[in-house]
Amino acid sequence: MASNPVFNRFNDDLSKGRVTGAAQPQYGQFSSPEQQQQARYGQQGGYPGFPQQPGQSMPDLEKAYDAPAATGRQAGRMTLDDVVTKTLGLFGVLLVFAAIGWFVGKENQSAGMALWLGGMFVGLALGFVISFKRVISVPLILLYAVCEGLFVGAASGFFNRVYPGVVAEAVLATLCVFAGMFAGWKFGLIRVTERSRKIFGLMAMGYLLFALVNVALVWTGVLDNPFGVGGNGPLGIIISIFAVGLASYSLAVDFDSIQRGVAAQLPEKYSWLMAHGLLVSVVWLYIELLRLFARIQSR
Numbered sequence: 001m002a003s004n005p006v007f008n009r010f011n012d013d014l015s016k017g018r019v020t021g022a023a024q025p026q027y028g029q030f031s032s033p034e035q036q037q038q039a040r041y042g043q044q045g046g047y048p049g050f051p052q053q054p055g056q057s058m059p060d061l062e063k064a065y066d067a068p069a070a071t072g073r074q075a076g077r078m079t080l081d082d083v084v085t086k087t088l089g090l091f092g093v094l095l096v097f098a099a100i101g102w103f104v105g106k107e108n109q110s111a112g113m114a115l116w117l118g119g120m121f122v123g124l125a126l127g128f129v130i131s132f133k134r135v136i137s138v139p140l141i142l143l144y145a146v147c148e149g150l151f152v153g154a155a156s157g158f159f160n161r162v163y164p165g166v167v168a169e170a171v172l173a174t175l176c177v178f179a180g181m182f183a184g185w186k187f188g189l190i191r192v193t194e195r196s197r198k199i200f201g202l203m204a205m206g207y208l209l210f211a212l213v214n215v216a217l218v219w220t221g222v223l224d225n226p227f228g229v230g231g232n233g234p235l236g237i238i239i240s241i242f243a244v245g246l247a248s249y250s251l252a253v254d255f256d257s258i259q260r261g262v263a264a265q266l267p268e269k270y271s272w273l274m275a276h277g278l279l280v281s282v283v284w285l286y287i288e289l290l291r292l293f294a295r296i297q298s299r
């Protein structure tokens, strides 16, 4: 998928207060000094400022006061560990089915091509359903990982047969870009602002439309070059570099969105949506790097 509407929708909802279950600041009602004094000291047997409740003894209150604060996990809120765990789980599913797609394509090229196209288009459709569905669906997210795995495996096997070694290069480059973007975002070298989010969203959606048209032109025979517009010439390489840049910045947007979600104390179920969004960006980056290296090698 050539854009990440998961985080686009989430950030828009969060900024407008539409995310269900996010912690909201509490504001006390206005009262006069006399009423405040009465609230603090008007009842016997309680600590100042904490009136004793019916059925509560002094030891009960002391235990409640001394008890440690609930962690995000205990309170049912999303934590960074939740996102990391679910992200690793989704990538595990993707890798298993990528291996299946790879070996199926190796044994039967027609079946591999069917997995390539089917996984790509079904995954694209599922991605939009997940992104715009108001209720988070874990089964759909897992099904998306399955489809993307079949697509990535079948496509990678094909590219590696035609351009030997290109898959290893793309995997290594993806890991390096991921680490570099995280470090750049973490240390403030790469900034994500509301303005940059909007610009990135428009550019990514524009590229998605271009990519879909490009695929259609290639598969209908209008363009005879397997890479589509630009082929393996300078224009094609420039297009690939531009796409890699977009996918790379998508990671920075993902990191920032996850941080905002944890800070907003979103419900734990949102960790699935965050993990899905990160999976979308990493797969997008890998595919664009794979195409870039294949274009260069074909020259």
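Residue numbers for the sequence shown, in the UniProt record's numbering: 1 to 299.
The beta carbon of each residue, even a glycine, is placed where N, CA and C say it ideally should be.
Note that the structure is a prediction, hence the values are computed from the model and not measured.
Roughly how many whole angstroms lie between the Cα atoms of residue i and residue j?
i           : j      : result
Gly157      : Met113 : 10 Å
Arg295      : Val218 : 15 Å
Gly105      : Ala111 : 6 Å
Ala216      : Val222 : 8 Å
Asp81       : Leu94  : 20 Å
Val162      : Asn225 : 14 Å
Thr220      : Ile238 : 24 Å
Arg134      : Leu172 : 36 Å
residue 304 : Val229 : Because residue 304 is not part of the residues shown, which for the chain are 1 to 299, the question remains open.
Tyr207      : Glu107 : 33 Å
Gln297      : Phe210 : 23 Å
Phe187      : Pro164 : 37 Å
Phe227      : Gly233 : 10 Å
Locate the alpha helix (DSSP H) running through residue i, then write down its first and last residues.
i      : result
Ser250 : 234–263
Asn214 : 194–219
Lys186 : 166–186
Ile141 : 138–162
Val222 : Per DSSP, Val222 belongs to no alpha helix (DSSP H) and is neither H nor E.
Phe132 : 109–132
From the DSSP secondary-structure annotation, give me the bridge partner or partners of residue i.
i      : result
Pro267 : Arg77
Measuring alpha carbon to alpha carbon, tell me which residue in the options is nearest residue i.
i      : options                        : result
Ala183 : Asp82, Leu246, Asp256          : Asp256
Val167 : Leu289, Arg299, Asp81          : Leu289
Ile100 : Leu202, Arg77, Pro226, Ala154  : Ala154
Gln259 : Leu95, Ala216, Leu88, Val192   : Val192
Gly231 : Thr85, Arg299, Phe210          : Arg299
Leu117 : Gly165, Val229, Leu212         : Leu212
Phe103 : Asn214, Thr174, Leu115         : Leu115
Leu150 : Gln265, Pro164, Val96, Ile199  : Val96
Thr79  : Ala264, Ser137, Ile287, Asn214 : Ala264
Ile287 : Phe159, Ser196, Ala179, Glu194 : Phe159
Glu194 : Val253, Leu209, Thr85          : Val253
Ser281 : Val244, Gln297, Gly92          : Val244
Asn214 : Gly236, Gly180, Lys198         : Gly236
Val138 : Phe210, Lys86, Gly233          : Lys86
Leu142 : Lys198, Leu88, Met181          : Leu88
Got a sec? Which residues, its chain only, sit under 7 Å from residue i by beta carbon, not counting five neighbours each side?
i      : result
Tyr144 : Gly123, Leu126, Gly127, Ile130, His276
Cys147 : Gly119, Val122, Gly123, Leu126
Val83  : Ile258, Ser271, Met274, Ala275
Val177 : Ser248, Leu285
Val283 : Glu148, Val152
Please return the same chain residues whose Cβ sits closer than 6 Å to the Cβ of residue i, not counting the five positions on each side in sequence.
i           : result
Leu279      : Leu90
residue 311 : A query on residue 311 cannot be resolved here, the shown segment of the chain reaching from 1 to 299 and no further.
Glu169      : Phe293
Trp185      : Ala252, Phe255
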